[in-house]
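K.L.:
Would you mind keeping the following structure in view while I ask a few things?
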Amino acid sequence: MNLADHPSRHRLSAALDDLNVTFRGMTAHRDENNCECHWGSAQELALLKTPDVGLEPDLLRRTWTAIDWTDHAAVLKRVLPQFAPALVAGRADPLFGLEEAGYSFARGRWQQWPDGHAACVREFLHAWWEHSITDPDAVVPAHQVFVLCAEASGTVGPWLAEWEKQTGNLSDLRLAEAAAEWEYELLGDSLPWHIGWYEHNEEEMRAELVAWLLGHAAMRLHASSAPAELQHRIRLLGLTGEDRYTDPYWPGHRY
0 MNLADHPSRH RLSAALDDLN VTFRGMTAHR DENNCECHWG SAQELALLKT
50 PDVGLEPDLL RRTWTAIDWT DHAAVLKRVL PQFAPALVAG RADPLFGLEE
100 AGYSFARGRW QQWPDGHAAC VREFLHAWWE HSITDPDAVV PAHQVFVLCA
150 EASGTVGPWL AEWEKQTGNL SDLRLAEAAA EWEYELLGDS LPWHIGWYEH
200 NEEEMRAELV AWLLGHAAMR LHASSAPAEL QHRIRLLGLT GEDRYTDPYW
250 PGHRY
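Given below as structure tokens:
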């Protein structure tokens, strides 16, 4: 993937380079262990304790999705130089959705890492998010990157704030695409992705996302001539109970 031809690509390329430099030479803890039946072999485990050795895609996936590492932070640091480019290139291959990758970041408690390490991860997430809503050649759909960033950070606020700053036609299109992906679950009063980390507040995140869609996003959808049907479905988020289900524009969703 060529990251040199678009303004957001320069930032993302620099963030990936910084991850590579910062976490180069990291290894899993020397006493780290995992089940050979459910995770992998002793030889594969030894690779995690060996710095700067590339992992096969399936081993990389098994490593970042595993939930039972003793020191998940150390394992995450070990794989980040390879994991982050795989995410950006759409090669992470989660079983259900990119929120799974967000869980991996959350389990590693990256926001509590030393300042230089945490800042490096934060810049990567923000650079990738900006790239996803401003670059027409971004590989991963913006709504999936949003979910990963929300799960990685435990909040939707910073990512919605960045979306407000990016007001071009492409960002508006990405907004309409995301709203179309999310409206079914939101109209059923559910968050449109599964919360995988016990410290995250699902209801708080849903309420903030709905409020943003009813306010800033609704105005942008109208100004950008998004489909009227989609605009009505977002409007319905402001109604409750019978008012929502008996509205003439209720789409007939069944839950």
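All the letters of the sequence shown, read from the start, carry residue numbers 0 to 254 under numbering that gives the first Met the number 0.
Just so it is clear, CB atoms sit at the ideal spot from N, CA and C, and this is done for glycine as well.
#1: Taking a contact to mean a Cβ-Cβ separation below 8 Å, would you say leucine 47 touches threonine 26 in this structure?
#2: With a threshold of 16 other CB atoms inside 10 Å of the CB of aspartate 171, please say whether the residue is buried or exposed.
#3: Given the structure, does alanine 141 come close to the ligand NAD, in the sense that its CB is under 7 Å from one of the ligand's heavy atoms?
#4: Find the nearest neighbour of proline 135 within the set Pro157, Trp162 and Asn168, judged by alpha-carbon distance.
#5: Spatial neighbours of leucine 2 within its chain, please: CB distance less than 8 Å, with the 5 preceding and 5 following residues excluded, ordered by chain position.
#6: Between the segment 110–128 and the segment 27–38, do at least 3 Cβ pairs fall closer than 8 Å?
#7: Where methionine 0 and valine 138 are concerned, what is the direct C-alpha to C-alpha distance, given to the nearest angstrom?
#8: Would you report the Cα separation of leucine 212 and proline 93, rounded to the nearest angstrom?
#9: Quick check on the DSSP output: the alpha helix (DSSP H) that includes serine 224 runs from which residue to which?
#10: Contact check, leucine 186 vs leucine 236 under 8 Å by CB: the rounded distance?
#11: Ends of the alpha helix (DSSP H) at alanine 13?
#12: List in chain order: all unbroken alpha helix (DSSP H) runs of 4+ residues lying wholly within the segment 144–230.
#13: Count the other CB atoms, across all protein chains shown, that sit within 10 Å of the CB of glutamine 111; report buried if there are 16 or more and exposed otherwise.
#14: Where does alanine 88 sit, in a helix, a strand or coil, going by DSSP?
#15: Apart from the five residues just before and just after asparagine 33, which ones in its own chain have a Cβ nearer than 8 Å to its Cβ?
#16: Quick one: Cα of glycine 240 to Cα of tryptophan 249, how far?
P.N.:
Taking the coordinates as given:
#1: Here residue 47 is taken as the residue at index 48 of the sequence shown, counted from 1. Here residue 26 is taken as the residue at index 27 of the sequence shown, counted from 1. Their beta carbons are under 8 Å apart, which means leucine 47 touches threonine 26 by this criterion.
#2: Indexing the sequence shown from 1 puts residue 171 at position 172. Classification of aspartate 171: buried, given that the 10 Å Cβ count is 16 or more.
#3: This structure does not include the ligand NAD; it has no bound ligands of any sort.
#4: Within the sequence shown, residue 135 is the residue found at index 136, counting from 1. Among Pro157, Trp162 and Asn168, the Cα nearest to that of proline 135 is on Asn168.
#5: Position 3 of the sequence shown, counting from 1, holds the residue named residue 2. With a pLDDT of only 48 at leucine 2, under 50, the local geometry of the prediction cannot be trusted, and the value read off the model is given with reservation. Closer than 8 Å at Cβ, skipping near neighbours: Arg8, His9, Leu11, Ser12 and Leu15.
#6: no
#7: To locate residue 0, count along the sequence shown from 1; it is residue 1. To locate residue 138, count along the sequence shown from 1; it is residue 139. Because methionine 0 sits at a pLDDT of 43, beneath the cut-off of 50, its placement in the model cannot be relied upon, and the point is left open.
#8: For the purposes of this step, residue 212 is taken as residue 213 along the sequence shown, with counting starting at 1. For the purposes of this step, residue 93 is taken as residue 94 along the sequence shown, with counting starting at 1. Going by the C-alpha atoms only, they are around 27 Å apart.
#9: The residue you call residue 224 lines up with position 225 of the sequence shown. Looking at the DSSP string, serine 224 is not in any alpha helix (DSSP H), and its letter there is neither H nor E.
#10: Indexing the sequence shown from 1 puts residue 186 at position 187. Indexing the sequence shown from 1 puts residue 236 at position 237. Indeed they touch by this definition, with Cβ atoms about 7 Å apart.
#11: In the sequence shown, the residue the question calls residue 13 occupies position 14. Counting along the chain, the alpha helix (DSSP H) containing alanine 13 begins and ends at 6–22.
#12: 156–164, 168–186, 201–211 and 217–222
#13: Residue 111 sits at position 112 when you count from the first residue of the sequence shown. Its Cβ having fewer than 16 others within 10 Å, glutamine 111 is exposed.
#14: Numbered from 1 along the sequence shown, position 89 holds the residue referred to as residue 88. Three-state result, alanine 88: coil.
#15: Taking the first residue of the sequence shown as position 1, residue 33 is located at position 34. Correct list, in chain order: Gly39, Leu44, Ala65, Asp67 and Trp68.
#16: Working through the sequence shown from its first residue, we reach residue 240 at position 241. Working through the sequence shown from its first residue, we reach residue 249 at position 250. Spanning the two alpha carbons is a distance of roughly 12 Å.
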